[in-house]
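Student: Questions regarding the structure given below will be posed in turn.
Numbering (our numbering), first residue to last: 4 to 500.
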C-alpha cells in the first residue's frame, strides 16, 4: 500500500517512540492506520489555535512595543534628557541587535536543552525587568540596557518557529506565522496610543517617555508569568487536550515528515545546515530585508515628526495606521497563501508593493501625501520575513538542523537591524536621503533572493520526483514519525515554495 505525502496525515500510525526520539508517548496508546476525519481534525485545530495563537500574538505585541518604545520616546524628550548628540540615537537602535546577535546561538541551544515554554517564560520575564529599568539611567546605562534587552528577546522568534512546526501541518504554518508576526502591527498601534496619551497628559509624576518604558515592562513581566503555566512544552503535555487528542496531534503533523522534538544536539545536522544553500539564501534575505527594517523601526517617528513636518504629537498618532496596514495586510496575505499554497509568489508581490512605497518615500521628498502613503504601504514588507520563517519551519527537518538554520537566519536579521539605524546619519537630517535610497536598494535585493529560493525549491522537488517518485509507503511514514531525519536524508521530503 502506498500514499502521497499530502494524504499521509489521514492515515497516520503512531507507535512507541524510537531510540532516536525524545517525544514523550502516552502509555498504552497505539493507533494503527488511524483515520482522522475532518470534524476531528477541525476540533483539534480549533483547540490548538485557541490555546496558542492569542498568547503568541500578545507576546509579539509586547515584543514590538518594547522595540518601538525607543522610536516613540525619541520624540517625547528622551534624546534631550539623555543628552544624545550626533549619531548617539542611531547607536541606541544598533545596541539592541548587538545583544540579540551575541546571544542568538546560546538562546536556541537553551531552547533545545531545557523545557521550551518554561525557558521562553524566563526570557520574557527578564526582558520585562530590563525594559522597566530603561526609565532610570544616563546615556551609557541606557545603551547597556538596550544591549541586554536584545539578549533576552533573542529567544522569542526561534521559540515561535519551533512551536509552529510542532503543532501545525505544513499547509497551516504560513497563516499562523502571519498571525503572530502581524501582531507587531497591534504592538505599534497600542504603543503609539499609549505614547500619545502620555504626551497629552501634563500632570505626570515623571517624564512621559520613562512611564512608557515602565508600562511596557510591567505588561511584559505579567505575560511571561502566564506563558510559564499556559503554553505546553510539547504536544504530549498539552493540558487542554484529552489523552487521545494528544496522540492525534502527533498523527496530524505526521505528514510534515520532521519527527518530534529531540533534545540530542547532533553535530552532523549542524554541518548539513552549514552546507545547505537554503541556509545562506535565508541569511542573505534576512540581511537585505532587515536593513530597511532597522532604519524604519527606529526612525519612522522622526520621519513623520521632522522630515514630513507633523510635529511630535501628531507623529505619534499618525503612526497607528502603519500598524493597521501591517496587521490586516499580513494576515490577509497569509490567508491567501493558505488558499493558493504559493508562499514565495505572495511574498514577492508584497515586497514589490513595499519597493514602490519606498520609492515614494525616497524620490518624492517634498510631498507630505506621498511620504505618508509610502510609510503606510511599506508596512507590507514583513510578509517577506514571514515567508522565510515559515519556510524554515516547513522545509527544515531534523531538530538540530532546524534550530541551527533558524539561528543563522536570525543572525542575518540582527546584522540587517544593526546596519539599518547607521544608514540614518545625523548629518543627513532631516531628509535622510542616503538612508531612503538604501531602503529602496535592499528591498529590491530581497525580491531577487526570494525568487531564487523559489527556483531552488521547485528544481529540487522536480529532481526528487524524477529519482524517487512521489509515493511513500505506510511503513516508511511510521519510521519518519519518530526518526530525527533531516530533509536531505529523507528522499520523500518535498519543499514548500
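Idealized CB from N, CA, C, for every residue including glycine.
The structure presented is a predicted model; accordingly, all values stated were derived computationally and were not measured.
Kindly list the residues whose CB is nearer than 6 angstroms to the CB of residue 373, restricted to its own chain and excluding five residues on each side of it in sequence; keep chain order.
Tutor: On the chain shown, residue 373 is found 370 positions in, with the first residue counted as 1. If we look at residue 373 and ignore the five residues flanking it on each side, its Cβ neighbours are 363 and 367.
Student: For residue 36, name the three-state secondary structure that DSSP assigns.
Tutor: Mapped onto the chain shown, residue 36 falls at position 33. With a pLDDT of 36 at residue 36, under the threshold of 50, the modelled position of this residue cannot be trusted, and the question is left open.
Student: Which same chain residues end up closer than 8 angstroms to residue 463 when comparing Cβ atoms and leaving out the 5 residues on each side of it in sequence?
Tutor: Sequence index remark: in the chain shown, residue 463 carries index 460 (1-based). For residue 463, where only same-chain residues beyond five positions count, the Cβ hits under 8 angstroms are 498.
Student: Please tell me whether, using a cut-off of 6 angstroms, the distance from the CB of residue 50 to the nearest non-hydrogen atom of the ligand SAM is below it.
Tutor: Of ligands this structure carries none, so the ligand SAM is not represented either.
Student: Please identify the residue among 204, 369 and 379 whose C-alpha is closest to the C-alpha of residue 435.
Tutor: As a first step, residue 435 is located in the chain shown; it is residue number 432 there, counting from the start. The option with the nearest alpha carbon to residue 435 is 369.
Student: Counting Cβ pairs, one atom from each stretch, are 3 or more of them under 8 angstroms apart for the stretch 201 to 214 and the stretch 102 to 121?
Tutor: Output reads no: the stretch 102 to 121 does not touch the stretch 201 to 214.
Student: From 186, 234, 308 and 55, pick the residue whose C-alpha is nearest to that of residue 68; which is it?
Tutor: Within the chain shown, residue 68 is the residue found at index 65, counting from 1. Of 186, 234, 308 and 55, the residue nearest in Cα terms is 186.
Student: Output needed for residue 457: all residues of its chain with C-beta closer than 8 angstroms, excluding positions within five of it in sequence on either side, in chain order.
Tutor: In the chain shown, residue 457 corresponds to position 454, counting from 1. 347, 348, 351 and 500, listed in sequence order.
Student: Write down every uninterrupted run of the alpha helix (DSSP H) in the stretch 220 to 280 whose length is 4 residues or greater and which is fully enclosed by it, in chain order.
Tutor: Taking only runs of at least 4 residues, the alpha helix (DSSP H) segments lying wholly in the stretch 220 to 280 are 246 to 255 and 270 to 277.
Student: Tell me the rounded alpha-carbon separation between residue 328 and residue 82.
Tutor: If you number the chain shown from 1, residue 328 lands on position 325. If you number the chain shown from 1, residue 82 lands on position 79. Roughly 28 angstroms separates the two Cα atoms.
Student: Out of curiosity, what's the CA-to-CA distance linking residue 181 and residue 172?
Tutor: Position 178 of the chain shown holds residue 181. Position 169 of the chain shown holds residue 172. In a straight line, the C-alpha of residue 181 is about 15 angstroms away from that of residue 172.
Student: Hey, residue 446 and residue 361: beta-carbon distance below 7 angstroms or not?
Tutor: As a first step, residue 446 is located in the chain shown; it is residue number 443 there, counting from the start. As a first step, residue 361 is located in the chain shown; it is residue number 358 there, counting from the start. Yes, the pair counts as a contact, with Cβ atoms nearer than the cut-off.
Student: Starting from the Cα of residue 54, find the closest Cα among 312, 230, 441 and 423 and give me that residue.
Tutor: Residue numbering aside, residue 54 sits at position 51 when the chain shown is read from its first letter. Ranking the options by Cα distance to residue 54, first place goes to 230.
Student: Between which two residues does the alpha helix (DSSP H) carrying residue 141 extend?
Tutor: To locate residue 141, count along the chain shown from 1; it is residue 138. It is not in any alpha helix (DSSP H) - residue 141 carries neither H nor E in the DSSP assignment.
Student: Contact between the stretch 422 to 439 and the stretch 286 to 299 is defined here as three or more beta-carbon pairs at a separation below 8 angstroms; is this criterion met?
Tutor: Segments in contact, yes.
Student: Using beta-carbon positions only, say whether residue 247 and residue 47 come within less than 7 angstroms of one another.
Tutor: Position 244 of the chain shown, counting from 1, holds the residue named residue 247. Position 44 of the chain shown, counting from 1, holds the residue named residue 47. No, these two residues do not count as a Cβ contact at 7 angstroms.
Student: Please classify residue 340 as buried or exposed, where buried requires at least 16 other C-beta atoms within 10 Å of its C-beta.
Tutor: Position 337 of the chain shown, counted from the first residue, corresponds to residue 340. When all chains shown are included, residue 340 counts as buried.
Student: Could you spell out the range, first to last residue, of the alpha helix (DSSP H) harbouring residue 467?
Tutor: To locate residue 467, count along the chain shown from 1; it is residue 464. 436 to 471 is the span of the alpha helix (DSSP H), which, as asked, contains residue 467.
Student: State yes or no: is the C-beta of residue 433 within less than 7 angstroms of the C-beta of residue 78?
Tutor: Your numbering for residue 433 matches position 430 in the chain shown. Your numbering for residue 78 matches position 75 in the chain shown. Contact flag unset, no.
Student: To the nearest angstrom, report how far apart residue 491 and residue 107 are at their CA atoms.
Tutor: Locating residue 491 in the chain shown gives position 488, where the first residue counts as 1. Locating residue 107 in the chain shown gives position 104, where the first residue counts as 1. Near 25 angstroms, if we compare the C-alpha coordinates of residue 107 and residue 491.
Student: Within the stretch 137 to 178, note down every full alpha helix (DSSP H) run reaching 4 residues or more, in order along the chain.
Tutor: Listed in chain order, they are 142 to 156 and 159 to 170.
Student: What do you get for residue 179, buried or exposed, if any count of 16 or more other CB atoms within 10 angstroms of its CB means buried?
Tutor: The residue given as residue 179 occupies position 176 in the chain shown. So residue 179 ends up on the buried side.
Student: Taking just the CA atoms, how far does residue 269 sit from residue 489?
Tutor: As a working mapping, residue 489 is identified with position 486 in the chain shown. As a working mapping, residue 269 is identified with position 266 in the chain shown. Approximately 11 angstroms between the Cα atoms of the pair.
Student: Between the C-alpha atoms of residue 170 and residue 415, what's the straight-line distance to the nearest angstrom?
Tutor: Taking the chain shown and counting its residues from 1, one reaches residue 170 at position 167. Taking the chain shown and counting its residues from 1, one reaches residue 415 at position 412. If you take the alpha carbons of residue 170 and residue 415, they lie about 26 angstroms apart.
Student: Answer with buried or exposed for residue 449, where buried requires no fewer than 16 other C-beta atoms within 10 angstroms of its C-beta.
Tutor: Along the chain shown, read from residue 1 onward, the residue named residue 449 stands at position 446. Under this definition residue 449 is a buried residue.
Student: Could you compute how far the alpha carbon of residue 3 sits from the alpha carbon of residue 145?
Tutor: Within the shown structure, residues of the chain are numbered from 4 to 500, placing residue 3 beyond reach of any answer.
Student: Quick one: Cα of residue 344 to Cα of residue 452, how far?
Tutor: Translated into the one-based positions of the chain shown, residue 344 becomes position 341. Translated into the one-based positions of the chain shown, residue 452 becomes position 449. Cα to Cα, the separation comes out at about 19 angstroms.
Student: In whole angstroms, what is the alpha-carbon distance linking residue 496 and residue 103?
Tutor: Indexing the chain shown from 1 puts residue 496 at position 493. Indexing the chain shown from 1 puts residue 103 at position 100. Distance between the alpha carbons of residue 496 and residue 103 is about 32 angstroms.
Student: If we ignore side chains and look at the alpha-carbon of each, how far apart do residue 121 and residue 214 end up?
Tutor: If you number the chain shown from 1, residue 121 lands on position 118. If you number the chain shown from 1, residue 214 lands on position 211. Rounded to whole angstroms, residue 121 to residue 214 spans 29 angstroms at the Cα level.
Student: How about residue 307 and residue 353: are their beta carbons less than 7 angstroms apart?
Tutor: Locating residue 307 in the chain shown gives position 304, counting from the first residue. Locating residue 353 in the chain shown gives position 350, counting from the first residue. Not a contact, by the Cβ cut-off of 7 angstroms.
Student: Hey, could you find the ends of the alpha helix (DSSP H) residue 113 is sitting in?
Tutor: Here residue 113 refers to the residue found at position 110 of the chain shown. Here the alpha helix (DSSP H) through residue 113 covers 91 to 116.
Student: Whole angstroms are fine: how far does the CA of residue 284 sit from the CA of residue 459?
Tutor: Numbered from 1 along the chain shown, position 456 holds the residue referred to as residue 459. Numbered from 1 along the chain shown, position 281 holds the residue referred to as residue 284. Residue 459 and residue 284: Cα-Cα distance of roughly 10 angstroms.
Student: Quick check: the Cα distance between residue 73 and residue 303, rounded to an integer number of angstroms?
Tutor: As a position in the chain shown, residue 73 is number 70, starting the count at 1. As a position in the chain shown, residue 303 is number 300, starting the count at 1. Using only the alpha carbons, I get a separation of about 11 angstroms.
Student: Please report the residue range of the alpha helix (DSSP H) in which residue 83 lies.
Tutor: As a first step, residue 83 is located in the chain shown; it is residue number 80 there, counting from the start. Residues 81 to 84.
Student: In whole angstroms, what separates the C-alpha of residue 202 from that of residue 243?
Tutor: Taking the chain shown and counting its residues from 1, one reaches residue 202 at position 199. Taking the chain shown and counting its residues from 1, one reaches residue 243 at position 240. If you take the alpha carbons of residue 202 and residue 243, they lie about 43 angstroms apart.
Student: With respect to the alpha helix (DSSP H) encompassing residue 415, which residues constitute its N-terminal and C-terminal limits?
Tutor: Within the chain shown, residue 415 is the residue found at index 412, counting from 1. Where residue 415 is concerned, the enclosing alpha helix (DSSP H) stretches over 402 to 425.
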